[in-house]
Amino acid sequence: MRIGLVGYGHGGRFFHAPLIATLPGATFVGVVTRSPERRQQLHTDHAGVNAFDSIGQIVEAGVDALVISTTLKGRPALVLEAIEHGVAVVSDKPFA
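Going by the numbering used here, the final residue of the sequence shown carries number 678, and the count climbs one at a time with no gaps.
This is the structure we're talking about:
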């Protein structure tokens, strides 16, 4: 299964990314983040894992599922966008 991550804050970096990277049978496709600092940290933490600017870009790279790990603001829109692209979605926090 090809898995991507949306958000590389504390939860994404310290919980989700290490889990995805070591999950048997999974390929860690990349992370959606626009922050230059977080992109650099991603490349330090997980060499060879790509950074993307948008959900559309990571979907084009070929993901089966996305883990959404962002702040609550804007999360529903990100989840819906991922669903509209036809990928499975895991959200680490509820909407309400």
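Even glycine gets a Cβ: it sits at the ideal position worked out from N, Cα and C.
The model shown is predicted, which means the values in this text are computed figures rather than measured ones.
Backbone CA spacing between residue i and residue j [nearest angstrom]
i: I640; j: E663; result: 12 Å
i: V631; j: V669; result: 19 Å
i: D627; j: E642; result: 23 Å
i: G656; j: V645; result: 21 Å
i: R621; j: M583; result: 23 Å
For residue i, the nearest candidate out of the options (CA to CA)
i: Q623; options: F634, A603, R595; result: R595
i: V613; options: P606, I665, I637, D674; result: I637
Residue span of the beta strand (DSSP E) that contains residue i, given as start and end
i: A670; result: 670–673
i: R620; result: Per DSSP, R620 belongs to no beta strand (DSSP E); it is in the alpha helix (DSSP H), 618–627.
i: T609; result: 609–614
i: R584; result: 584–588
Exposure of residue i, with buried meaning 16 or more beta-carbon neighbours within 10 Å
i: T615; result: buried
i: F634; result: buried
i: L648; result: buried
i: G586; result: buried
i: F597; result: exposed
N-terminal and C-terminal residue of the alpha helix (DSSP H) that residue i is part of
i: L601; result: 599–604
Length-filtered (3 minimum) beta strand (DSSP E) runs lying within the stretch 631–659: 632–634, 647–650
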